[in-house]
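I have placed the structure first, in the form of structure tokens, so that the comments after it can refer back to it.
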Amino acid sequence: MNKISKILASASVLAMGMLPAGCNEDSPVSNPPVDNKPVEIERGTYARGADVSWLTQLEAEGEKFYSPDGSQMECMQLLKEHCGVNAIRLRVWVNPAEGWNNVDDVIVKARRANALGLRLMIDFHFSDTWADPGQQQTPAAWTDLDMDGLKSAVAAHVNEMLTGLAAYGVEPEWVQIGNETRAGMLYPLGSIDNPENFTDLVSAGYDAVKAVFPAAAVIVHLDGGDNQWLYDRIFGALATHGGKYDMIGMSLYPEPDSWQGTVDDMIANINHVTATYGKPVMICEVGMDYREAEACNAMLSDIIARTENLNVKGVFYWEPEAPAGYNGGYNKGCFDNGAPTAALDAFKM
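For the sequence shown, the working numbering gives the first residue as 37, with consecutive numbering after it.
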């Protein structure tokens, strides 16, 4: 059965002493405070989500978003009302050079999602910049820490982010401890070459999440959802060393002309990991070139149809709102000239 949670998205009812230090609800300037009103959030259904972590930066740069009839709309509302999105994913960086994706910026976006009744996933990168298969850079302020210090830093960072959300009545349904950690995180100490260290860092993050939001599902997330070997390496290590997590996260970025085989391999991997490790799966990232809207729609429709009856909790499109060529050439959004393509029609129920 679906669980309905009523969450009060209001700062006005909280004592100022409870608000996160340094958080300015008017920042960035393109994002006014959300209305202070109770909202209903439906949890527990299959997630049809979108990672829109670039949104505040795009707005500050003047990007606009449009409904299919050409009306300008706020992006999250557009995704909800016209694309069938029911959940938002937001990445967190520790001390990014330009401020985007830091704790304060994430709170701004999370409050907006919450006010729209959208569910929330928080994605900790544990880095000052991108954490992905090619890089897992330890934050500059943490580089001299030993393992005990690193575990404490992970816990403190998670606590800062989540208590900041709690102060505004925002409750994430899912929290990722690490992003695309195919070979570990927080290099070199947290590399999978040091499996006990990696496990301890994951468990430190898990404990910090549960201390603030006991009901939140903690995700360990890898790329290459079609590559069983990657998953056995990481989740086998976590099993061996007693790692704590609730859900297995996957990324998948198929090519337009061969997506069927890639999805087949992911489904086989889903069946393998759920049977082997006893955890449900969340497809945390998918994407395809914005010029391949029909192929992307077919891929998403196939994934949803084949996973709704498996132990899979949903699928998130990564940065659908990104304009063509953004951030040095990213073309796997699914908007064109500020409006959604047919790709996300697969999310409509």
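Glycine residues also receive a C-beta, built at the ideal position from the N, C-alpha and C atoms.
Assignment of beta strand (DSSP E) within the segment 172 to 238, counting only whole runs of 3 or more residues, yields 210 to 213 in chain order.
Three or more Cβ pairs drawn from the segment 308 to 320 and the segment 272 to 290 lie within less than 8 angstroms of each other, which places the two stretches in contact. In this structure C332 touches A379 by the C-beta definition: roughly 4 angstroms separates them, less than 8 angstroms. Classified as buried, L154 has 16 or more neighbouring CB atoms from the shown chains inside 10 Å of its CB. Setting aside the 5 residues that flank it on each side, K280 is surrounded in the same chain by V238, S239, Y242, D243, V254, each with a C-beta closer than 8 angstroms to its C-beta; the list follows chain order.
Following the DSSP letters along the chain, one finds C111 inside the alpha helix (DSSP H) bounded by residues 111 to 119. Following the DSSP letters along the chain, one finds A123 in no alpha helix (DSSP H) but inside the beta strand (DSSP E) bounded by residues 123 to 128. By the neighbour-count criterion, in which a residue is buried when 16 or more other Cβ atoms sit within 10 angstroms of its Cβ, E321 is buried. DSSP places H257 in the uninterrupted beta strand (DSSP E) bounded by 253 to 258. Distance from the Cα of D159 is smallest, within the candidate group N195, W354, N215, for N215. A residue is called buried when at least 16 other Cβ atoms come within 10 angstroms of its Cβ; M385 does not meet this threshold and is exposed.
Ranked by Cα distance from G106, the first of T377, F383, D381, A382 is T377. Collapsing the DSSP output to three states places G361 in coil. Y326 and A360 do touch by the CB rule: their CB atoms are close to 6 angstroms apart, below 8 angstroms. The alpha-carbon separation between L114 and F101 amounts to approximately 8 angstroms. By alpha-carbon distance to A86, the top candidate from N131, E95, A146 is A146. Taken atom to atom, the span from the alpha-carbon of S188 to that of G120 is near 39 angstroms. According to the DSSP secondary-structure assignment, V351 is paired through a beta bridge with R84, I319. Around the Cβ of E355, a 10 Å sphere holds 16 or more other Cβ atoms; the residue is buried. At a Cβ-Cβ threshold of 7 angstroms, A149 and M112 count as neighbours. Taking each of W265, G364, Y82, K315 in turn and checking the Cα distance to D301, the smallest one comes out for W265. For Y223, the closest C-alpha among the options A123, G260, S163 is that of S163. D164 sits in coil when the DSSP states are folded into three classes, being neither helix nor strand. Residue burial annotation: P104 is exposed, with fewer than 16 other C-beta atoms found within 10 angstroms of its C-beta.
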